[in-house]
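These notes concern the structure reproduced below.
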Amino acid sequence: MQWMASNMPAEAGGPAGPGTDFSMIERSRQRSFELYRLDPGRGEPPRVLTTSALKNHREPMERFMRIARSGMEVLFGQIREAGYVVLLTDTHGVAVDFINNPLFDQDWRRAGLWLGSCWTEEKEGTCAVALANLEQRAITVHHEEHFRAPNKKLTCSAVPIFGTDGRMLAVLDASAIESPDDKRSQHLVLQMVRSAARMAEDANFLHEFEHHSVLRLARRRDFLEVSADGMVALDEAGRIVAISQSLREQGALLPALGHCIEEVFDLRFEQVMQAAHQGGYPLTTRHLATGTQCFALVRPPRRRPSAPAAPSAAARREVPPEAGADALQVIAGLDPQMQTNAQQALRVLDKGLAILLHGESGSGKEAFAKAMHEASARRAQPFVAVNCAAIPETLIESELFGYREGAFTGARSKGARGKIAQAHGGTLFLDEIGDMPQAMQTRLLRVLAEREVTPLGSEKPIAVDVQLICATHRDLREMVAQGQFRLDLYYRLNSVTLELPALRDRADKNALIDSLLREDGRQLYSRAVAITAAARDLLLRHDWPGNIRQLKNVLRTAMALSGGEAIAPEHLPAEVHGGQPPVLPPERMLSLGSMQEVMVAQVHDERTALLQALKTHHWNVTEAARSLGLSRATVYRHMQRWEIVSPNRLGD
Ligand SMILES: Nc1ncnc2c1ncn2[C@@H]1O[C@H](COP(=O)(O)OP(=O)(O)OP(=O)(O)O)[C@@H](O)[C@H]1O
Numbered sequence: 001m002q003w004m005a006s007n008m009p010a011e012a013g014g015p016a017g018p019g020t021d022f023s024m025i026e027r028s029r030q031r032s033f034e035l036y037r038l039d040p041g042r043g044e045p046p047r048v049l050t051t052s053a054l055k056n057h058r059e060p061m062e063r064f065m066r067i068a069r070s071g072m073e074v075l076f077g078q079i080r081e082a083g084y085v086v087l088l089t090d091t092h093g094v095a096v097d098f099i100n101n102p103l104f105d106q107d108w109r110r111a112g113l114w115l116g117s118c119w120t121e122e123k124e125g126t127c128a129v130a131l132a133n134l135e136q137r138a139i140t141v142h143h144e145e146h147f148r149a150p151n152k153k154l155t156c157s158a159v160p161i162f163g164t165d166g167r168m169l170a171v172l173d174a175s176a177i178e179s180p181d182d183k184r185s186q187h188l189v190l191q192m193v194r195s196a197a198r199m200a201e202d203a204n205f206l207h208e209f210e211h212h213s214v215l216r217l218a219r220r221r222d223f224l225e226v227s228a229d230g231m232v233a234l235d236e237a238g239r240i241v242a243i244s245q246s247l248r249e250q251g252a253l254l255p256a257l258g259h260c261i262e263e264v265f266d267l268r269f270e271q272v273m274q275a276a277h278q279g280g281y282p283l284t285t286r287h288l289a290t291g292t293q294c295f296a297l298v299r300p301p302r303r304r305p306s307a308p309a310a311p312s313a314a315a316r317r318e319v320p321p322e323a324g325a326d327a328l329q330v331i332a333g334l335d336p337q338m339q340t341n342a343q344q345a346l347r348v349l350d351k352g353l354a355i356l357l358h359g360e361s362g363s364g365k366e367a368f369a370k371a372m373h374e375a376s377a378r379r380a381q382p383f384v385a386v387n388c389a390a391i392p393e394t395l396i397e398s399e400l401f402g403y404r405e406g407a408f409t410g411a412r413s414k415g416a417r418g419k420i421a422q423a424h425g426g427t428l429f430l431d432e433i434g435d436m437p438q439a440m441q442t443r444l445l446r447v448l449a450e451r452e453v454t455p456l457g458s459e460k461p462i463a464v465d466v467q468l469i470c471a472t473h474r475d476l477r478e479m480v481a482q483g484q485f486r487l488d489l490y491y492r493l494n495s496v497t498l499e500l501p502a503l504r505d506r507a508d509k510n511a512l513i514d515s516l517l518r519e520d521g522r523q524l525y526s527r528a529v530a531i532t533a534a535a536r537d538l539l540l541r542h543d544w545p546g547n548i549r550q551l552k553n554v555l556r557t558a559m560a561l562s563g564g565e566a567i568a569p570e571h572l573p574a575e576v577h578g579g580q581p582p583v584l585p586p587e588r589m590l591s592l593g594s595m596q597e598v599m600v601a602q603v604h605d606e607r608t609a610l611l612q613a614l615k616t617h618h619w620n621v622t623e624a625a626r627s628l629g630l631s632r633a634t635v636y637r638h639m640q641r642w643e644i645v646s647p648n649r650l651g652d
């Protein structure tokens with residue numbers, strides 16, 4: 001169902017056949033050679049885990065394996081005669097379940113298509129399961145496209161399966177040892193794997209939300225019962241608590257999470273409940289944001305847990321969207337590029353890959369990194385941020401790697417744990433990675449390769465397990481070309497690069513303004529602060545060199561100046577009016593400290609200007625207000641705020 005134009009990357013496919021994405025395969029080949037230094041000629045089949053090691057992979061998957069089993073059986077029934085085996089792997093590429101034709105056990109085992117086999121890029125190089133895991137897209141890897149010689153006769157079609165929070169759960173794969181040379185022969189197989197994967201996702205969704213009302217949605221009424229386009233789960237208050245993967249992929253409904261059904265569809269929750277009580281008849285409705293007409297069928301909650309009384313509609317609207325994977329959706333807002341970033345981030349999280357965020361200063365790289373941490377399996381562990389540009393070069397080593405007692409003059413007597421060790425189990429965010437000195441780059445590379453850190457003055461390495469997220473506003477590729485950044489570290493860091501758009505390029509400036517007015521208004525005045533159309537217009541037209549940070553500060557100052565009333569153009573600084581920005585060097589304007597200085601400078605300027613006008617007009621407030629283009633009430637409010645007292649009243 002197209003709720004709006006999809007902003008997801010195109011499905012892997014193309015003229016050369018299904019699941020063909022040359023750049024995906026090419027990138028993987030490059031990593032296999034350069035990052036993992038694999039030997040394409042190595043002869044043995046993929047490693048198969050021992051029973052006890054396999055148990056560790058199967059246990060966390062047990063519930064889902066039971067749900068996915070019928071989908072696997074349907075799929076196997078369709079392709080068994082053509083000589084395929086069906087594998088279900090976890091997100092580490094380990095086959096936790098499989099169905100084969102036992103007549104050919106020996107052949108499957110020899111080919112590594114077996115329970116417990118490990119299909120990772122690190123060991124096997126380019127292969128379908130590893131790529132579906134890494135890129136979180138459906139793909140066929142056919143014959144010679146495989147990296148290692150023993151896999152080159154295989155054809156494998158793999159499709160990722162996502163959980164109800166958008167995180168990847170597993171990969172479903174169909175593989176054969178013998179198949180025609182033409183990759184197009186696999187087109188139908190890939191489609192079958194895809195529909196079995198979708199069946200497993202939907203079954204999992206219905207199972208997980210069995211205590212919730214679930215709305216099946218379809219653009220065509222006839223297909224509502226047999227093949228809905230997607231599902232949303234509602235809690236007892238009518239709030240959307242989850243949306244199925246098929247709708248997630250279209251992006252349009254993501255911002256609906258946490259909202260009441262009537263805010264998203266032209267449909268009252270009471271109608272939904274009524275339909276549920278009467279056995280579920282189709283409802284005709286409309287998606288409010290896109291105007292798309294659609295049909296909904298309610299599946300009532302299976303067993304209703306005894307629940308507290310439903311809150312009022314007003315109270316329901318105040319509830320923030322759920323944490324976890326949705327933290328990323330919240331930070332992505334309504335901007336298509338940010339939504340794609342959020343989807344990509346979910347695909348690569350918890351895969352042991354470093355992630356690079358690129359974007360202008362203040363565009364929200366750290367905020368995005370924090371949201372990624374929240375969305376990851378590490379969210380209960382520390383998030384440690386280090387700004388490489390803010391630490392003097394002489395201290396960066398001890399700050400990052402830590403030191404043992406007496407490691408250098410001035411060291412603390414007990415030594416110190418470095419930031420890398422502090423982030424153990426969690427996420428390490430290295431901001432301004434382009435500013436990291438070359439010697440540190442070498443040490444960091446070693447930490448990433450060996451997954452251990454040796455504090456200064458110590459010989460005992462400490463094992464560390466961190467999700468690394470780096471950020472920069474610089475062009476690292478250019479820095480590599482200039483010899484300022486290590487090529488091998490660059491390869492390690494940019495397995496995935498997410499480009500954060502500058503505020504001026506974001507399609508959701510309006511919504512961002514509203515959300516900042518709501519959040520900061522609540523902090524300052526315990527309520528959202530309004531804004532006039534003229535002031536909003538100025539904000540929308542400004543090009544925001546300091547990005548969201550600057551917008552946030554401008555709005556905070558404006559809120560203070562307006563005293564919590566609607567923000568009008570007069571509350572906005574000169575640069576937003578197209579005038580000269582405060583005289584500060586541009587690079588300083590972009591740091592948090594300097595933005596606060598800008599705020600102070602602005603307030604200081606406004607106070608001086610008001611004082612000057614009052615003096616010029618002999619403390620006649622009406623005259624001073626007219627000369628400044630402000631209302632008398634505003635001038636009085638500002639006088640009170642800035643403690644300007646008319647000399648005529650000093651004796652009061
Ligand atoms: N989507 C968002 N909604 C609301 N506030 C946001 C959003 N993204 C970022 N911010 C806020 O904008 C400010 C700047 O964000 P952040 O520090 O993440 O930017 P940055 O790109 O890391 O900047 P720098 O490169 O200078 O370190 C912060 O106050 C952050 O909370």
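Going left to right, the sequence shown walks through residues 1 to 652 as the UniProt record's numbering numbers them. Glycine included, C-beta positions come from ideal geometry on N, C-alpha and C. Model, not experiment: these values are computed from the prediction.
Identify whether residue i lies in helix, strand or coil by the three-state DSSP scheme.
i	result
V466	coil
E178	coil
D431	strand
G112	coil
G83	coil
L572	coil
D90	coil
M65	helix
A471	strand
T51	helix
I531	strand
State the start and end residues of the unbroken beta strand (DSSP E) segment that holds residue i.
i	result
D97	95-99
E359	Checking the sequence, you will find Gly at residue 359 rather than Glu. Run containing G359: none; DSSP gives neither H nor E here.
R216	213-218
H142	139-142
V241	240-243
E145	Neither: E145 is in no beta strand (DSSP E) and is coded neither H nor E.
V645	Counting along the chain, V645 falls outside any beta strand (DSSP E), and DSSP gives it neither H nor E.
For residue i, report the span of its alpha helix (DSSP H) as first-last.
i	result
S195	187-208
T340	336-348
I513	509-525
N553	547-562
M479	476-481
M372	365-375
L445	438-450
L224	Where L224 is concerned, there is no enclosing alpha helix (DSSP H), given that its DSSP letter is neither H nor E.
Have a look at residue i and residue j and give me their C-alpha separation to the nearest angstrom.
i	j	result
E249	D173	20 Å
R299	D229	15 Å
L539	R486	41 Å
A377	I548	28 Å
G43	V193	29 Å
G402	L428	14 Å
E499	N341	7 Å
S515	S526	14 Å
M436	A389	7 Å
V645	H571	21 Å
D475	L154	40 Å
E452	K419	13 Å
G291	D266	9 Å
I25	G564	55 Å
P455	A130	34 Å
For residue i, does the count of other Cβ atoms within 10 angstroms reach 16, so buried, or fall short, so exposed?
i	result
S23	exposed
H577	exposed
Q438	exposed
H618	exposed
A463	exposed
Q186	buried
N56	exposed
N510	exposed
A534	exposed
H638	buried
Which complete alpha helix (DSSP H) runs does the region 263-301 hold, if anything under 4 residues is left out?
You should have 269-277.
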